[in-house]
Amino acid sequence: MTKIIPLAEVTDAVRGGVISIGNFDGVHRGHAALIGKAREMADRVAGPVVGVVLDPHPAAILRPDRVPPKLTWIERRAELLSQINTDFLVVVPTNQAFLNLSAADFFESLVKKTLAAKGIVEGPNFFFGRGREGNIETLQTLCDQSEIDLVVADSSIDSDAMISSTRIRQQLEAGNIEAAVHMLGHPHQIRGRVVRGDGRGTGIGFPTANLSEIDVLVPAAGVYGGYAIHDGHRYRAAIHIGPNPTFNDRSDRKVEVHVMDYTGDLYDQMLLVDFVSRVRDIARFDSVEALVAQLQLDIASVQSSLGQSSLGKIETAKSENNTNFK
Ligand SMILES: Cc1cc2nc3c(=O)[nH]c(=O)nc-3n(C[C@H](O)[C@H](O)[C@H](O)COP(=O)(O)O)c2cc1C
Ligand SMILES: Nc1ncnc2c1ncn2[C@@H]1O[C@H](COP(=O)(O)OP(=O)(O)O)[C@@H](O)[C@H]1O
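In terms of this note's numbering, the sequence shown opens at residue 236 and continues consecutively.
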């Protein structure tokens with residue numbers, strides 16, 4: 236498991252490695268390519284692979300009115316980074332003083348003094364220091380002066396454009412789950428606490444866990460297929476996002492999860508939900524019977540899109556990190 240290390244708690248085990256500084260939001264295929272390069276270099280210098288993330292996102296301090304919704308919370312990032320062989324995730328608490336550091340001071344204090352990096356891997360569009368004054372050329376000069384290896388990795392491309400957290404957000408906000416998942420290389424995951432809804436679901440044969448306190452990007456309104464992860468188990472799930480027009484309910488951000496092959500009480504518990512595919516738009520049905528008939532089709536469609544390999548309960552590595560709200 237990738238160990239999360241607050242900047243103030245960096246130890247010798249973390250120092251002397253190959254670092255990659257970024258936001259790592261989503262830990263998408265572009266990030267995986269960077270970490271892959273870092274791994275190669277780290278094996279050569281016999282040091283750890285260290286992801287370095289600024290949390291919160293600098294935008295939260297610089298332009299709080301325009302902060303993009305997160306794709307991932309920090310523990311989820313660490314879990315995904317772990318799957319691609321990252322040893323540590325150093326979390327820099329973003330504050331005005333840190334953002335005011337010149338590029339040279341940023342390099343001196345973070346890269347050299349605190350992390351004693353032997354190598355650094357970045358994409359071609361890396362900027363650092365006050366007002367983004369440092370770029371890849373600046374970084375190359377600073378690395379040369381300090382005999383630190385720099386690898387500038389090519390951008391990872393999908394559909395003729397660079398894979399980025401921004402593009403993934405746009406696809407999720409448009410409901411294009413498959414396109415987002417393709418760029419991510421894994422499902423988009425949200426987490427939330429199960430609260431009481433209108434108490435209708437059980438009566439129509441489709442109980443739905445209603446999620447609140449979701450702290451990452453919620454995809455566009457629609458019906459989706461994916462997985463619900465609860466208490467170390469993964470179940471197939473049909474997810475409804477948006478209003479319930481059939482019942483004249485116009486609240487636009489309801490997130491309701493019907494967990495397949497599950498019975499039990501989920502109230503007040505944390506649920507993780509993986510989005511894998513889009514099924515359809517939300518519709519208004521003339522009767523409850525018509526809604527139920529459609530829900531049966533939705534379930535069949537989700538089952539077929541998830542494939543037969545995932546029937547029933549599937550054990551997953553339980554991550555305690557994942558369901559603890561910060
Ligand atoms: C997979 C799925 C798809 C749904 N699609 C629609 C829909 O298109 N239109 C609609 O009005 N309600 C839809 N519903 C929502 C149901 O109306 C909702 O689950 C029901 O009102 C229960 O709400 P409750 O959990 O607040 O009791 C859908 C629910 C699920 C699980
Ligand atoms: N298969 C299931 N999927 C979702 N929730 C379930 C399931 N089985 C039992 N439940 C429980 O039932 C509740 C949902 O029932 P529902 O009648 O839709 O009530 P509410 O309107 O309060 O969400 C969930 O919050 C959960 O505690």
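Beta carbons: idealized from backbone N, C-alpha and C, even for Gly.
query                                                                                                        : result
Buried or exposed (CB count within 10 angstroms, at least 16 for buried), D496                               : exposed
Integer Cβ distance of I449 from I425, believed to fall under 8 Å                                            : 5 Å
With 16 other Cβ atoms within 10 Å as the buried cut-off, status of V430                                     : exposed
Exposure of D389, with buried meaning 16 or more beta-carbon neighbours within 10 Å                          : exposed
Counted within 10 angstroms of its Cβ, other Cβ atoms place V527 as buried (16 or more) or exposed           : exposed
N370 CB to nearest heavy atom of ligand 1 below 8 Å                                                          : no
Same chain only: Cβ atoms within 6 Å of H475, ignoring 5 sequence neighbours per side                        : V458, E491
Supposed close pair F361, L316 - CB separation, criterion 8 Å                                                : About 18 Å; that fails the 8 Å criterion.
Span separating the alpha-carbon of G366 from that of L242                                                   : 22 Å
Rounded straight-line distance, which links the Cα of D466 to that of E555                                   : With a pLDDT of only 41 at E555, under the threshold of 50, the placement of this residue in the model should not be trusted, and no figure is reported.
Residue nearest to I517 in terms of C-alpha spacing, selected from D484, S540, H468                          : D484
N445 CB to nearest heavy atom of ligand 2 below 8 Å                                                          : yes
R471 burial status per 10 Å Cβ neighbour count (16 or more: buried)                                          : buried
Residue range of the beta strand (DSSP E) that includes I240                                                 : 238-241
Contact check, F323 vs I256, beta carbons under 9 Å                                                          : no
M276 - containing beta strand (DSSP E), residue span                                                         : From DSSP, M276 is part of no beta strand (DSSP E) but of the alpha helix (DSSP H) over 264-280.
For N320 and R264, the rounded distance between their alpha carbons                                          : 14 Å
Y502 classed as buried or exposed, judged by whether at least 16 other C-beta atoms fall within 10 angstroms : exposed
Closest by C-alpha distance to P478, when choosing among L334, A463, D500, G432                              : G432
V511 beta carbon less than 9 Å from that of P422                                                             : yes
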